[in-house]
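Numbering (this note's numbering), first residue to last: 28 to 436.
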């Protein structure tokens with residue numbers, strides 16, 4: 028009788044599906060006439076295992092139930108990894124959890140590298156995680172960088188990870204700097220110790236000092252992931268172009284030259300604003316990072332400075348470092364404030380663009396905003412980006428009597 032009522036209430040034919048009971052207490056309430064009224068409490072965890080496991084391989088069943096993957100995703104992953112027991116996968120998940128990985132982190136790790144579920148948690152994974160923890164990495168940090176940690180955990184601790192760490196530390200000295208260097212390789216891969224050693228030898232052969240090498244590892248560590256032949260070619264190309272290997276600009280030149288296709292495309296963007304080849308080259312020699320900006324940033328910044336602010340392209344090329352600033356957060360607000368003051372005749376002195384953009388915020392506010400707040404109440408809102416300078420209808424091309432906003436020097 029109870030079995031019949033239980034079956035009817037849950038709408039699941041007992042003959043069609045079997046259950047495993049992980050708790051032993053089922054309390055049922057009945058009304059006085061003997062009919063089932065309600066289920067007062069069900070302190071039982073039911074797992075539908077019978078027909079589900081017959082329908083799907085165990086690996087798929089485990090991935091769906093443990094990580095919340097869709098059946099389609101689980102089936103795709105199961106083509107790369109297969110197991111018939113949850114013992115090892117559960118141990119791997121437990122280890123990652125102990126090291127601070129969240130459920131979402133672990134799901135992402137398994138999705139990218141499902142073979143981790145078959146790794147030996149004690150002999151293979153734990154030593155690597157302990158080493159990373161010993162030099163300052165936390166599980167929470169590593170979990171956010173799924174691609175990087177997936178690749179790292181597939182590397183040999185003794186033959187890859189520790190040798191690479193030792194090489195890096197021999198150059199940058201402190202653990203904190205090694206961590207900083209490795210964090211910048213997130214999403215790429217952990218440098219090969221052999222390639223890294225060859226790269227460092229290449230740099231020393233051309234006379235690059237230790238401090239510049241350290242700067243390269245800390246600012247452009249992804250360059251160490253290049254193949255040795257390409258890296259050597261890159262170094263010699265930068266020297267041929269006249270970049271001084273004793274200056275940090277050499278490192279920026281290497282970074283820019285590492286993408287030759289985009290280099291040519293960016294040259295064309297600068298040309299489109301009227302700059303000659305010589306002007307572009309002089310600007311790049313002075314500030315190699317000029318070629319590391321996206322084409323969109325170059326276009327938008329040049330358009331604002333040249334077309335909106337009335338600068339000549341050659342003026343911008345003489346102070347190329349101004350392009351490194353944020354257009355929306357720094358260039359537009361500051362230039363707009365000074366432009367309004369100039370056109371209203373409140374500022375007589377001609378300030379250089381470099382001065383306007385590089386001076387600290389408090390000094391800029393005192394000099395250009397607070398001082399003229401009464402004459403131009405909108406200055407603060409212009410500085411904060413709340414008011415568009417175009418609302419003033421101040422266009423230098425419509426006001427030919429005004430000279431360009433600022434001197435380039």
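Beta carbons are placed, not taken as given, at the ideal position from N, Cα and C, and that holds for glycine.
Where does residue 274 fall in DSSP's three states? In the chain shown, counting from the first residue as 1, residue 274 sits at position 247. Here residue 274 sits in coil by DSSP.
Is it a yes or a no for the segment 390 to 406 touching the segment 335 to 353, going by three-plus beta-carbon pairs under 8 Å? no
Decide if residue 263 is buried, meaning its Cβ has at least 16 other Cβ atoms within 10 Å, or exposed. Along the chain shown, read from residue 1 onward, the residue named residue 263 stands at position 236. When all chains shown are included, residue 263 counts as exposed.
Report all residues from its chain with a CB closer than 6 Å to the CB of residue 242; omit the five preceding and five following residues, and keep chain order. Position 215 of the chain shown, counted from the start, is the residue given in the question as residue 242. Excluding positions up to five away in sequence, the list reads 275 and 278.
Would you decide whether residue 162 is buried or exposed? Buried here means 16 or more other CB atoms lie within 10 Å of its CB. Here residue 162 corresponds to residue number 135 of the chain shown, with the count starting at 1. Exposed, since its Cβ has fewer than 16 Cβ neighbours within 10 Å.
Count the other CB atoms within 10 Å of the CB of residue 282; is the residue buried (16 or more) or exposed (fewer)? Counted from its first residue, the chain shown places residue 282 at position 255. Buried, because 16 or more other Cβ atoms sit within 10 Å of the Cβ of residue 282.
With a 10 Å radius around its C-beta and 16 neighbouring C-beta atoms as the bar for buried, classify residue 251 as buried or exposed. What you label residue 251 is simply residue 224 of the chain shown in a count that begins at 1. Answer is buried; the Cβ neighbour count reaches 16.
Excluding the 5 residues flanking residue 371 on each side, which residues of the same chain have their C-beta closer than 7 Å to its C-beta? In the chain shown, residue 371 corresponds to position 344, counting from 1. Around residue 371: 403.
Can you give me the Cβ contacts of residue 59 inside the same chain, cut-off strictly under 6 Å, excluding the 5 residues immediately before and after it? The residue given as residue 59 occupies position 32 in the chain shown. Bear in mind that a pLDDT of 41 at residue 59, under 50, signals an unreliable position, so the model cannot answer this.
Buried or exposed: where does residue 427 fall if 16 or more other Cβ atoms within 10 Å of its Cβ makes it buried? Position 400 of the chain shown, counting from 1, holds the residue named residue 427. Confidence in residue 427 is poor, its pLDDT being 40 and thus under 50, which makes the residue's placement too unreliable to answer from.
Kindly list the residues whose CB is nearer than 7 Å to the CB of residue 266, restricted to its own chain and excluding five residues on each side of it in sequence; keep chain order. For the purposes of this step, residue 266 is taken as the residue at position 239 of the chain shown. Excluding positions up to five away in sequence, the list reads 233 and 272.
From residue 313 to residue 121, what distance separates their C-alpha atoms? Within the chain shown, numbered from 1, the residue matching residue 313 stands at position 286. Within the chain shown, numbered from 1, the residue matching residue 121 stands at position 94. Their backbone Cα atoms lie some 54 Å apart in a straight line.
Whole angstroms are fine: how far does the CA of residue 93 sit from the CA of residue 67? To locate residue 67, count along the chain shown from 1; it is residue 40. To locate residue 93, count along the chain shown from 1; it is residue 66. Model confidence at residue 67 stands at a pLDDT of 34, short of 50, so the residue's coordinates are unreliable; what they give is reported in the following sentence. The alpha-carbon atoms of residue 67 and residue 93 are separated by roughly 29 Å.
At least three beta-carbon pairs within less than 8 Å, the segment 199 to 207 to the segment 172 to 182: no
Would you say residue 181 and residue 142 are within 9 Å of each other, going by their C-beta atoms? The residue labelled residue 181 in the question sits at position 154 within the chain shown. The residue labelled residue 142 in the question sits at position 115 within the chain shown. Yes, these two residues count as a Cβ contact at 9 Å.
Looking at residue 358: is its Cβ nearer than 9 Å to the Cβ of residue 332? Start at 1 with the first residue of the chain shown, and residue 358 comes out as number 331. Start at 1 with the first residue of the chain shown, and residue 332 comes out as number 305. A contact, by the Cβ cut-off of 9 Å.
How about residue 95 and residue 127: are their beta carbons less than 9 Å apart? As a first step, residue 95 must be located in the chain shown, where it is residue number 68. As a first step, residue 127 must be located in the chain shown, where it is residue number 100. For residue 95 and residue 127, no; Cβs fall outside 9 Å.
Taking the continuous alpha helix (DSSP H) assigned at residue 139, which residues delimit it? Here residue 139 refers to the residue found at position 112 of the chain shown. Residue 139 -> alpha helix (DSSP H) spans 130 to 139.
In or out: residue 223 buried (at least 16 other Cβ within 10 Å) or exposed? For the purposes of this step, residue 223 is taken as residue 196 along the chain shown, with counting starting at 1. It is buried - the Cβ of residue 223 has at least 16 other Cβ atoms within 10 Å.
Comparing C-alpha positions only, which one of 328, 123, 167 and 133 sits nearest to residue 149? Locating residue 149 in the chain shown gives position 122, counting from the first residue. Selected option, being the one with the closest Cα: 123.
DSSP three-state assignment for residue 196, whether helix, strand or coil: Translated into the one-based positions of the chain shown, residue 196 becomes position 169. Three-state result, residue 196: helix.
According to DSSP, is residue 220 part of a helix, a strand, or is it coil? If you number the chain shown from 1, residue 220 lands on position 193. Here residue 220 sits in helix by DSSP.
Nearest by alpha-carbon distance to residue 289: which of 269, 305, 306 and 317 is it? Your numbering for residue 289 matches position 262 in the chain shown. The shortest Cα separation from residue 289 among 269, 305, 306 and 317 belongs to 317.
What did DSSP end up calling residue 409 once you bin it into helix, strand or coil? The sequence position of residue 409 within the chain shown is 382, counting from 1. Helix.
Could you check where the alpha helix (DSSP H) with residue 115 kicks off and where it finishes? Within the chain shown, residue 115 is the residue found at index 88, counting from 1. That run of the alpha helix (DSSP H) goes 114 to 125.
Distance, Cα to Cα, residue 397 vs residue 347? Stepping through the chain shown from its first residue, residue 397 is reached at position 370. Stepping through the chain shown from its first residue, residue 347 is reached at position 320. For residue 397 and residue 347, the distance between alpha carbons rounds to 29 Å.
Reduced DSSP secondary structure (H/G/I, E/B, other) of residue 339: Residue 339 sits at position 312 when you count from the first residue of the chain shown. The answer is coil: DSSP assigns residue 339 none of H, G, I, E or B.
Endpoints, the alpha helix (DSSP H) within which residue 350 is located: As a position in the chain shown, residue 350 is number 323, starting the count at 1. Where residue 350 is concerned, there is no enclosing alpha helix (DSSP H), given that its DSSP letter is neither H nor E.
Considering only C-alpha positions, which residue in the set 219, 86, 168 and 239 is nearest to residue 109? The count along the chain shown starts at 1 and reaches residue 109 at position 82. Considering only alpha carbons, the answer is 86.
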